[in-house]
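Everything below concerns the one structure shown next.
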Amino acid sequence: MEILGRIWDYYNTLDFAHRFVSGVIFLLVFTSILLLIGILISRTYKNRVEKQKKKIREAYQHMLVQMVFEPEYQVGQPKYKTLIGKYNGRKSSKLERRTLVENIVEMHQGVTGTSAEILEHFYRDTNMVDFAVEDVKKGEWWVKARAFRELSELRIREKFKLVLNYVDHSNKVLRSEAQYASVQLGGARSLSFVEELTQPISEWDQLVLLEKLERFIPEELPDVSNWLDSQNDSVVIFACKIITQFRMFKVAPKLIGLLNHSNSLVTIKGIDCIISLEFREACPSMRRFYPNARKEVQIAIIDALAALGDTSNLNLFRDEIEQKEDFDIAMHSAMALRKLGGIPILNVLKTRELKYPKNNEIVLHALDKRI
Amino acid sequence: MRLYFTLLTKEFDLDTSVWDYMVEFFYNLLYVYSVSIMVSYLALAILSFISVRKYLHKNSFVDYKDILNTNFAPSVSILAPAYNEGATIIENVRSILSIHYSNFEVIIINDGSKDDTLQKCIDEYDMVLVDYAIDPKIETKPIRGIYKSRNKAFGQLLLVDKENGGKSDALNVGLNVATYDYVTCIDVDCVLEQDALLKLMKPFMDEQEREVVATGGVIRIANSCVIEDGRLLEVKVPENYIARSQSLEYIRAFLLGRMAWSLMDGLILISGALGVFNKKIAIEVGGYDHDTVGEDMELVVRMRRFMLEQKRKYTVAFIPDPLCWTECPETWNILGRQRNRWTRGTIETLWKHRGMLFNPKYKMLGSLSYPYWLLFEYLAPLLEAFGLSLFFLLALVGLVNWSFFMLMMFLVFGFSICFSVLSLLIEEITYHNYTRKRDLLALLKVGLIEPLIYHPFIVHSAVMGNIDYFMGRSSWGEMTRKGFNANAATKPKTEGEGAVAEGIPDEKQSQPKKIQVVKTVAPSKKNPKINSSFTTWATGAVAVLALCLYLVIDLDALLTKDELTVSKQIKTIFLPEQQASKIVVKKERDFLKRTLERSLEKQKAAKEKKEKEEKHKSISEPVLLTEDGGHEKEINKTAKEKKASKNATSNNKETPEKKKSVETKPKKKPEPIKESKPAKTKTAVSNNKPSANTRAVSPKPGYIYIVAGSYKTEAKANEMWEELEIMGFSKKVMIYSDGYYRVTYNSFNDDAKAKIYLAGIKSNMNDKAWLYRAK
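Protein chains in written order, with our numbering: chain A, 473 to 843; chain S, 975 to 1749.
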């Protein structure tokens, strides 16, 4: 204490600048010690939680396995009821509850049929649904999103409407999770919410939704032809992807309308869709739009004409190689010729000195079968 | 500010010159700079933490497997430039081909390797020369040939053989050849996390309103980590001190820096080791710049600038997950070259885009990112070096206030350590990569000593980078690295020109999972290498620094004729029973003075009380109190003597010597020799002649004395003498002249020295001291 007192006396004898700098040094040292303690606490806490989780997980896993695979533990049986009493969500701690839900979800992903139903029952019987609903109503956005995931994974269909309220939410992650959950809870038909979206669907979300839709058959899907008229370009693109994935031939004629779309990306996705549906009737329209289209659309049309095997445009491709300076268009035209059996034309072009020397290389490229 | 300046230096000149103002200005500038750099680092750390937490929350809902098998995922061209990679090329290509992504092509660009890189690829992957036409949108060195595999299993592999032109040129060839919309540039030495490409591609698929021009990820140090078959199995802190310091540095830079810039949409650097770019925009801006050694940063700046000039909405994304593990230099020499190159790259980029500085047209880029890089990334090491040089200069001329200097040093080190601990805490909370306790301890230890060893070296390398840049040296320098693969390590070192034999301990070769293969990563350009032996240089530099420090301390000790050690000063705090006065030096006296002032005041008060009592006792002995320049002095003086004294003064003023003396006095505070003019006189009774045992001596003619006080009685003068004794003035002299005892701090026979000393005394001790010139 005496030494501290002397240090304090010394500090008081200093002028302002010395005192200020000394004070900051003290603050830094103090903060460093606090941060160090923070590291230790964080590490200890993480390790402790991890250990606890492991312990709880082991106990729950054993119980869940019993429930799923042993008949005396199945729904309605006395042993099942005992388990419900023991693991009632209201009695357990937050960590226990979370770990239990994680375990149920994890196991649910690995099983189907009756086993999956047992887990769903257990989830309901332990009042976990109430907790999830509470999370949706009161929690932060990530708590809500986690609850959506939980409800959708365990197919709590009666909560579909609750989830549906968030499909156009301003928070991107919450919106995405609600959309995924809606598809899982409401089935493919529930996808009709897409028509009313004001927020764009990101390319990532589209891919995830397509992945979720894989387990449905095309008949279960809503009518996506209307989506092609949507003002939301992302919805139009998503519709094209669904049409491609589910091969919805009926919608194909409507795709021609996209050739005139103001957004080039939409047009290109429409053309990709035409290719995947092998909708050859679109070739004359594409040929008609070709001269006035933007470069990227022109390339897409060349690829489409080649992919659809429209041999009526060989002269167009030859002309493009002979006259166009644009490397990409010449290259795609040459490859189109190769694909459509225009090798003789390419051979003729090979012997000639073209207007643009680079195009001679392109011809050689197209003729090289190793590429 | 003024206070700070006067504390750090001492105003020895009586007249403040332009030089003084300049020095003061620089000091203030450094002070403001230091504070702002610390504040900016803290602000970035806080923002980064917020941003990383936000990201982790968001990312906890992402399942990257969702897009792993879809055909709708955007296609990516992976560009991997190779130069003299013969020893490891097969393994590296295999590692890239096994990356987790659905639609991608791999383009290996052989940048004129002098070894068998090309042949090995051709043989291993059954490749043949094809008539591949490419659109040379970006000008590059000629392409010798393009190879494609006959084996359909390697259908997505393309090998381009070209003339040597450096990394930028190779990447530009890759941009020309790439067929997909996105390109990723990968250093073949790196170990990628399996989902690295998925994570890097996500921002391109997520963003709806803005175009994503590039994404980057966190790079971590792989030295000493356990790596098998191109996969990271266990994270460990490097055993080598240099690599370990870099580990900490990378954590700070990526976790506490770039994430914050990403949040503010001001990120201008995406590491060349791993980044995905929008090919169309990269080509539109002209690809990688051949004329810079910092091509990765330059490209990002140019892309951002282009987008802003085109008024297109865009962003540069950053993923805080550790996606890429790279091997860092383990020797000072190689590290020096690397940092030298980075510095030159920064200068080149900043100079090339100087038009953006504070240009509102470039929004965040011009108003914050660019100035930050200029002021805190580029200038920081230079100013640090300048500050140290200035410090040595000032120390040599004795103008350093050591106590304040030490405090400032502690402040800087304290901040550095605090910042390192903060970064480790954030790493611990977020990614928790270093799970072993010993790793954490090792990083903490590094954080403690890094400011003393590693950081000065980095500053030195940055300064050398500046020198090299301004001398016109633009070499990449040879970057010798070990590799990740064990099998390749056993191959003969002579196989590839890049295989460097030194630095591979034999015992390491037998450890299969550690980084072992040695190879040259970067091509050497036309310019000469940096050949000087760093060890010799560093030893010399340390010796010179030590000598300078010794001289500084010794010189100071010589000047003050006293001891100068901080430890002894500290002892005065903890061991007050020691004779503090004996170990106090002239420039440290101010502290002691303040502590002693209190006791002196008490003594004075006691004396005054005693005197008052005496006064009451003998009214016949009146006391004369006079004020001279603010100093209370007692002068016992008779009226007759007073008159005589007045006459003497007036006579003195009339002498030519006196006139000269007055002329040479400073303009600032002219201090006349006030030894003889009391302000008030009540009475004076005393025998003013010196006694037989007196300390007082006659002043030496021509000498100039710095007077602390002038007294009529010897007793009072002796009191002052004792005070000076306690304060540690070893050169004090008491002189007796004109009927006064004058206690002086010091004596000089040089007018200029006397004035300097007086100024020092005035600013630190006694602003009423004055000169006395003996006749």
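All residues carry an ideal CB built from backbone N, CA and C; glycine is no exception.
From a predicted model like this one, the values you see are computed outputs, not experimental measurements.
For N1723 of chain S, name the three-state secondary structure that DSSP assigns.
-> coil
List the residues of chain S whose Cβ lies closer than 8 Å to the Cβ of A617 of chain A, in chain order.
-> F1035
For the alpha helix (DSSP H) containing G742 of chain A, list its first residue and its last residue.
-> 736-749
Are the C-beta atoms of H580 of chain A and some chain S residue less than 7 Å apart?
-> no
Relative to the alpha-carbon of E825 of chain A, which residue among A:P816, A:S736, A:Q795 has its alpha-carbon at the smallest distance?
-> A:Q795
Same chain, Cβ closer than 7 Å to L818 of chain A, neighbours up to 5 away in sequence not counted | A806, L809, R810, V835, A838, L839
Which of helix, strand or coil DSSP assigns to Y1201 of chain S | Here residue 1201 of chain S is Ile; the residue named in the question, Tyr, does not match the sequence. Looking at I1201 of chain S - three-state DSSP - the assignment turns out to be strand.
By DSSP, does T1404 of chain S sit in helix, in strand, or in coil?
-> helix
Buried or exposed (CB count within 10 angstroms, at least 16 for buried), A772 of chain A | buried
What does a CB cutoff of less than 6 Å around V769 of chain A pick up in its chain, not counting 5 residues either side in sequence?
-> S736, T739
Does the beta-carbon distance from Y431 of chain A to E797 of chain A come in below 7 Å?
-> The question about residue 431 of chain A has no answer here: the residues shown for chain A are numbered 473 through 843.
7 Å Cβ cutoff, G1734 of chain S in contact with chain A = no
Cα-Cα separation between E622 of chain A and Y1408 of chain S, rounded to whole angstroms = 31 Å
According to DSSP, what are the bridge partners of E1185 of chain S?
-> S:Y1288
Would you say L1030 of chain S faces chain A, with C-beta separation under 7 Å as the test?
-> no
Report buried or exposed for F1046 of chain S, applying the criterion of at least 16 other Cβ atoms within 10 angstroms of its Cβ.
-> buried
Chain S within 7 Å of G510 of chain A, Cβ atoms only | yes
Counterpart residues of R1716 of chain S in DSSP-defined beta bridges | S:S1684, S:I1709
Closer than 7 Å, Cβ to Cβ, to anything on chain A: give me those residues from the region 1396-1413 of chain S, in chain order.
-> L1396, L1398, L1399, E1402, I1403, H1406
Using a beta-carbon distance below 7 Å, is R1747 of chain S in contact with chain A?
-> no
Under a three-way DSSP split, which group does Y1106 of chain S fall into?
-> coil
Any idea if W480 of chain A is buried or exposed, counting beta-carbon neighbours within 10 angstroms, 16 or more meaning buried?
-> exposed
Starting from M803 of chain A, find everything on chain S with Cβ-Cβ shorter than 7 Å and list it in chain order.
-> A1107
Cutoff 7 Å: I1391 of chain S Cβ touching any chain A Cβ | yes
Nonlocal neighbours in the same chain, by C-beta distance under 6 Å from P1296 of chain S, ignoring five residues either side | V1192, R1194
Between the CA atoms of P672 of chain A and D705 of chain A - distance to the nearest angstrom = 8 Å
Count the other CB atoms within 10 Å of the CB of M758 of chain A; is the residue buried (16 or more) or exposed (fewer)?
-> buried
By the criterion of Cβ-Cβ separation under 9 Å, what are the contact partners of I1041 of chain S in chain A?
-> W676, L679, V680, E683
Which ranges does the beta strand (DSSP E) cover as unbroken runs of at least 3 residues, wholly within the region 597-655 of chain A, from first to last along the chain?
-> none
Sort A:A711, A:K566, A:M720, A:P756 by Cα distance to K741 of chain A and report the nearest one.
-> A:A711
Using CA coordinates, which residue listed in A:L681, A:S702, A:P725, A:Q703 is at the minimum distance from K713 of chain A?
-> A:L681
Check whether the region 1272-1283 of chain S touches the region 1394-1405 of chain S, counting contact only when three or more Cβ pairs, one atom from each stretch, lie closer than 8 Å.
-> no
So, E1185 of chain S versus Y1336 of chain S, is the Cβ gap smaller than 7 Å?
-> no
Residues, ordered as in the chain, of the region 1112-1127 of chain S that lie near chain A by beta-carbon distance below 8 Å = K1122, R1124
Using DSSP with H/G/I as helix, E/B as strand and the rest coil, what is D1135 of chain S?
-> strand
How would you list, in chain order, the residues of chain A whose beta-carbon sits under 8 Å from the beta-carbon of L1385 of chain S?
-> V493, V496, I497, L500
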